[in-house]
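In what follows, a single structure is set out as structure tokens and then discussed.
There are 2 protein chains.
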Amino acid sequence: MVGRVTAGIIAVGTELAIGQVLDTNSRYIAQRLSAVGCDVREVLVIPDDRVAMLRAFADFSSKYRITTITGGLGPTADDFTKEILLQLFGGKLVEDPATLQLVTERLAKRGLALTPRNAEQAMVPSSCEVLPNKLGTAPGMLFCQGANWVFSLPGVPFETEALVDEQVIPRVSRLSTGKPLQRVLKIYGIAESYLADRIASWEQRLAEHFSLAYLPGPEGIRLRIDSKEPGTPALQEELTSYVEELKDLIPNEFYGEGDETLPSVVGSLLKRKSATIATAESCTAGRLAEAITSVPGASDYYLGGLVTYGDRIKREQLGVKPDLLARFGAVSEEVAGAMAQGVMERLKAEYGIATTGLLGPGGDGSKTPVGTFYWAVASRVGVTTGRALLSSTRAVNAVRATYDALNGLRRVLIGCL
Amino acid sequence: MVGRVTAGIIAVGTELAIGQVLDTNSRYIAQRLSAVGCDVREVLVIPDDRVAMLRAFADFSSKYRITTITGGLGPTADDFTKEILLQLFGGKLVEDPATLQLVTERLAKRGLALTPRNAEQAMVPSSCEVLPNKLGTAPGMLFCQGANWVFSLPGVPFETEALVDEQVIPRVSRLSTGKPLQRVLKIYGIAESYLADRIASWEQRLAEHFSLAYLPGPEGIRLRIDSKEPGTPALQEELTSYVEELKDLIPNEFYGEGDETLPSVVGSLLKRKSATIATAESCTAGRLAEAITSVPGASDYYLGGLVTYGDRIKREQLGVKPDLLARFGAVSEEVAGAMAQGVMERLKAEYGIATTGLLGPGGDGSKTPVGTFYWAVASRVGVTTGRALLSSTRAVNAVRATYDALNGLRRVLIGCL
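Chains as they are written, first to last, in UniProt numbering: chain A, 1 to 417; chain B, 1 to 417.
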């Protein structure tokens with residue numbers, strides 16, 4: 001795409017470089033910049049090292065129209081982003097009265113007095129424009145290098161995100177030549193190579209000015225179709241017809257687009273039916289409840305649920321019959337079904353959903369193979385169950401089990417199971 | 001530190017560069033390489049772009065002793081890491097019989113036949129050493145550039161992690177000049193700038209050959225102390241005495257070291273008491289159960305719990321009295337306490353822990369401010385409660401609420417509340 005605004009993202013922090021902390025800020029910034037049409041060329045993580053910082057700041061600010069730098073602005077001695085920016089862009093440290101006032105007010109609200117350490121946060125290079133930080137003590141800063149912009153932002157994720165949304169994106173949007181054309185289709189229940197075979201002839205027909213990318217993850221596969229040219233209405237229409245053809249090839253596996261998630265899709269289906277749901281979790285131990293309630297407004301359809309880790313709790317709290325547990329074991333289709341029905345009845349919900357499985361690494365002493373997993377969905381009509389053999393780590397298996405169950409619920413709700 | 005093995009990490013993928021997918025592989029690799037003494041200098045994310053890939057691969061492999069590249073090895077047309085590696089290191093594509101056999105066996109286990117697309121995964125540059133991938137179809141590869149090593153690894157996280165552990169780390173360990181000396185202290189319940197003030201005189205006394213870093217996050221603050229010199233027994237002893245002094249300055253806030261987490265610390269305390277616990281969650285909706293069960297062996301002390309989203313479920317499933325709900329509202333100390341007691345009694349546990357709060361962004365129509373949160377811990381002796389005013393996004397508030405409750409439980413268990 002001609003004339004796209006180029007962007008580079010730098011995250012500073014030894015804790016990030018050595019992997020002690022996961023850098024989520026860069027992803028957030030990349031997402032936001034891409035959404036307004038920027039071409040993100042590089043994301044770089046470097047340690048708190050003055051030489052590496054100066055080199056990277058100088059390199060990026062000369063190459064890219066937009067550079068963002070997160071981190072290194074804290075009140076402690078291991079933070080020196082401000083010092084390097086001063087070195088690169090000149091000026092001297094001056095007190096920013098607005099920042100000082102913001103910091104004082106924030107502390108006062110929590111009943112705390114301003115300390116000298118906090119007051120230092122209001123000292124900024126005279127060469128920058130201050131970007132007020134409503135959620136923390138370190139302000140954002142904007143520097144200009146010729147036509148190029150360098151945004152320095154604090155590294156605390158919710159502060160970074162607020163400053164990106166309120167200060168960076170509005171400014172960058174004004175430079176942008178238009179949103180890139182893109183569709184992202186969400187797919188669950190088919191492996192990447194089989195999906196590629198299923199849609200191979202469609203992919204071959206796809207016009208050259210579109211590109212296709214496969215993004216597999218525990219929440220299924222995302223298929224991203226990008227246009228390489230600026231989005232015109234004709235191109236938009238062409239893309240729409242490709243997407244409709246694609247959906248017809250994967251009618252049961254396609255579940256949503258863009259920001260839609262399995263929990264949000266399931267939530268919309270429940271809302272449309274004015275139905276409520278309750279959860280009974282063994283191996284997923286709260287993850288299903290968490291996923292369902294991650295959707296704003298989930299209280300409209302989610303009543304609550306039980307985490308029934310041991311057999312006794314399954315019997316006493318969900319009414320699972322002792323002989324079912326004895327005959328089939330806790331990890332069985334029968335017990336999953338009884339759990340789903342039990343929670344539906346006890347919480348008086350229209351639907352009950354349950355999980356039971358052996359996520360590993362160890363087994364339960366029975367013959368059930370590690371990785372065995374069952375989900376069940378109960379309604380007034382009956383019980384639907386599904387099975388999977390999970391083969392990854394405990395943590396990944398837990399996520400897959402959660403999504404498998406949600407996808408089962410989705411298919412029950414749309415009537416394709 | 002003189003003579004440390006330098007390392008650079010590259011992650012390839014447009015989905016990573018535009019922020020559609022969070023890059024967790026680089027963090028994993030950085031962690032593992034650092035743990036065996038490597039000096040991770042750069043972590044770089046670039047899109048699936050042949051020019052950017054070739055430039056970055058050439059640059060890193062000439063600069064760093066160890067380079068890792070993840071991604072771009074999938075069976076679909078948008079993956080071309082192998083092509084670029086062939087261009088850079090020479091050779092031609094040849095079939096690797098061992099990989100072909102592994103892939104065929106993997107598919108057979110799932111009842112699937114080998115497709116041509118899968119078979120292509122066994123074609124590797126003749127210039128590399130193949131690193132077998134037991135969990136997926138794309139093998140890892142090792143290339144040499146003079147004395148420098150370049151590892152190419154698939155991008156699916158659990159495959160990457162297994163290859164790093166089984167193939168990369170054993171080789172790199174042999175190069176390493178010894179583990180760096182490091183201690184990481186975990187602290188909960190004090191803000192970064194107040195912690196810095198509290199330990200200021202200790203920090204000033206800290207010898208120059210140690211460096212201190214503050215890593216704040218929702219799970220509290222990690223204080224990392226690194227030695228800049230190779231770890232000798234004398235240095236080790238010196239560090240230990242610094243750490244003991246530091247702990248004495250924050251007796252209630254210090255909760256663990258290294259890989260210890262609030263859930264693992266609480267788990268150890270419960271195990272030591274041979275006590276069981278049950279959860280009753282309103283606003284955290286499963287996160288508390290999830291956190292507790294993230295620790296292997298949690299079934300020794302965790303019985304299960306309830307997610308009671310609505311008032312009716314709180315009354316019916318936990319026995320919270322209607323007049324408590326009417327007088328104080330669901331978000332109150334009184335209701336939190338009744339929930340903790342209710343779940344302790346109903347599940348016959350030694351301890352009950354409960355959460356209730358308004359995580360935002362919207363309120364509940366009452367006068368309760370958004371962000372109000374209560375936790376409660378019940379035991380046969382009585383009920384302990386705590387309160388917080390959370391001021392971040394819904395998702396961050398949920399994590400903080402979960403950790404606040406766990407920290408409350410920890411303090412109850414160690415008898416400092």
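Ideal Cβ positions, reconstructed from N, Cα and C, are used throughout, including at glycine. What you are looking at is a predicted structure, and each value in this text was computed from that prediction instead of being measured.
Report the neighbours of PHE158 of chain A on chain B: residues whose CB is nearer than 7 angstroms to its CB, in chain order. Within chain B, the residues whose beta carbon sits less than 7 angstroms from that of PHE158 of chain A are SER392, THR393, VAL396, listed in sequence order.
What are the partner residues of ASP39 of chain B, as DSSP defines its beta bridges? Its beta-bridge partners are B:THR6.
Could you spell out the range, first to last residue, of the alpha helix (DSSP H) harbouring PRO322 of chain A? Unbroken alpha helix (DSSP H) run through PRO322 of chain A: 322 to 328.
Min CB distance ILE250 of chain B to chain A below 7 angstroms: Judged by the 7 angstroms Cβ criterion, ILE250 of chain B is not in contact with chain A.
State yes or no: is the beta carbon of THR99 of chain A nearer than 7 angstroms to at least one beta carbon in chain B? With 7 angstroms as the cut-off, THR99 of chain A does not count as an interface residue toward chain B.
Against LEU102 of chain A, what residues of chain B qualify as contacts under a CB-to-CB distance less than 9 angstroms, listed in chain order? Those within 9 angstroms of LEU102 of chain A in chain B number zero; the least Cβ separation is about 14 angstroms.
I believe ILE313 of chain B touches LEU347 of chain A by the beta-carbon criterion, under 8 angstroms. Please report the beta-carbon distance rounded to the nearest angstrom. With a contact defined as Cβ atoms closer than 8 angstroms, ILE313 of chain B and LEU347 of chain A qualify at about 6 angstroms.
Delimiting residues of the alpha helix (DSSP H) encompassing TYR214 of chain B: TYR214 of chain B -> not in any alpha helix (DSSP H); beta strand (DSSP E) instead, spanning 210 to 217.
Over the uninterrupted alpha helix (DSSP H) stretch that includes VAL343 of chain A, give me the two end residues. Element bounds for VAL343 of chain A: 333 to 346.
What did DSSP end up calling GLY140 of chain A once you bin it into helix, strand or coil? In the structure shown, GLY140 of chain A sits in a strand (DSSP, three-state: E or B).
Chain C contact for ILE18 of chain A (CB, 7 angstroms cutoff): No chain C appears in this structure, whose protein chains are A and B.
For the stretch 104 to 118 of chain B, list every residue whose C-beta sits within 7 angstroms of some C-beta in chain A, in sequence order. The residues in question are THR115, ARG117, ASN118.
If I measure Cβ to Cβ from residue 425 of chain A and keep anything under 6 angstroms in the same chain, skipping five residues before and after, which residues do I get? Residue 425 of chain A lies beyond the stretch modelled for chain A, which goes from 1 to 417, so this question has no answer here.
ALA201 of chain A: buried (16+ other C-beta within 10 angstroms of its C-beta) or exposed? The question names Ala, but residue 201 of chain A is Ser in the sequence shown. Taking a 10 Å sphere around the C-beta of SER201 of chain A, we find fewer than 16 other C-beta atoms and assign the residue as exposed.
Quick one: grab the DSSP three-state call for TYR403 of chain A. Note: TYR403 of chain A maps to helix in three-state DSSP.
If you draw a straight line from the C-alpha of GLY140 of chain A to the C-alpha of TYR188 of chain B, how long is it? Rounded to the nearest angstrom, the two C-alpha atoms are 27 angstroms apart.
Using a Cβ cut-off of 9 angstroms, pull out every chain B residue sitting near ARG222 of chain A, in sequence order please. Close partners of ARG222 of chain A in chain B (Cβ separation under 9 angstroms): GLU15, GLN20, VAL21.
Measure the C-alpha to C-alpha separation of GLY382 of chain B and GLU350 of chain B and round it to an integer number of angstroms. When rounded, the separation of the alpha-carbon atoms in GLY382 of chain B and GLU350 of chain B is 11 angstroms.
Buried or exposed, going by whether 16 or more other CB atoms sit within 10 Å of the CB of THR240 of chain B? Under this definition THR240 of chain B is an exposed residue.
Do the stretch 257 to 267 of chain A and the stretch 231 to 240 of chain A touch if we need at least three Cβ pairs shorter than 8 angstroms? Contact fails: fewer than three Cβ-Cβ distances are below 8 angstroms.
Candidates A:ILE9, A:GLY13, A:GLY8, A:THR6: which alpha carbon is nearest PRO216 of chain B's? Residue A:GLY13 holds the alpha-carbon nearest to the alpha-carbon of PRO216 of chain B among A:ILE9, A:GLY13, A:GLY8, A:THR6.
Please work out which residues of its chain come closer than 6 angstroms, Cβ to Cβ, to ARG65 of chain B, disregarding the five sequence neighbours upstream and downstream, and give them in chain order. Within the same chain, ARG65 of chain B has close Cβ partners VAL5, THR6, ASN148.
Does DSSP put LEU195 of chain B in a helix, a strand or coil? In this structure, DSSP gives LEU195 of chain B a helical state, which the three-state scheme calls helix.
Beta-carbon gap between SER34 of chain B and ALA11 of chain B smaller than 7 angstroms: Not closer than 7 angstroms, so no.
If we count Cβ pairs, one from each stretch, closer than 8 angstroms, do we get three or more for the stretch 48 to 59 of chain A versus the stretch 99 to 118 of chain A? Not touching, per the Cβ criterion.
Quick check: is any heavy atom of the ligand SAH less than 6 angstroms from the C-beta of GLY13 of chain B? Only the bare structure without any ligand can be found here, which leaves the ligand SAH out of the picture.
Mapping DSSP to helix, strand and coil, what is GLY408 of chain A? Helix.
When A:LYS247, A:VAL43, A:PHE210, A:ASN252 are compared against GLU238 of chain A, the one with the closest alpha-carbon: The candidate whose alpha carbon is nearest that of GLU238 of chain A is A:PHE210.
Between which residues of its own chain and VAL156 of chain A is the CB-CB distance below 7 angstroms, once the five residues before and five after are set aside? Excluding positions up to five away in sequence, the list reads GLY136.
Considering Cα atoms alone, identify which of B:TYR374, B:ILE292, B:LEU262 is closest to VAL335 of chain B. Selected option, being the one with the closest Cα: B:TYR374.
In angstroms with no decimal places, state the Cα-to-Cα distance between residue 418 of chain A and THR67 of chain B. As displayed, chain A neither begins before 1 nor continues past 417, which places residue 418 of chain A out of reach and without an answer.
Check this for me: beta carbons of ALA278 of chain A and GLY352 of chain A, under 7 angstroms apart or not? Yes.
Using DSSP with H/G/I as helix, E/B as strand and the rest coil, what is GLN317 of chain B? Helix, per DSSP.
Would you list the residues sitting across from residue 456 of chain B in a DSSP beta bridge? Residue 456 of chain B lies beyond the residue range present for chain B, which begins at 1 and ends at 417; the question has no answer from this structure.
Measuring CA to CA, which of A:ASP165, A:GLY386, A:GLY415, A:ALA340 is closest to LYS321 of chain A? Ranking the options by Cα distance to LYS321 of chain A, first place goes to A:ALA340.
With distances taken between CB atoms, is the gap from LEU359 of chain A to CYS283 of chain A smaller than 7 angstroms? Taking 7 angstroms as the Cβ cut-off, LEU359 of chain A and CYS283 of chain A qualify as a contacting pair.
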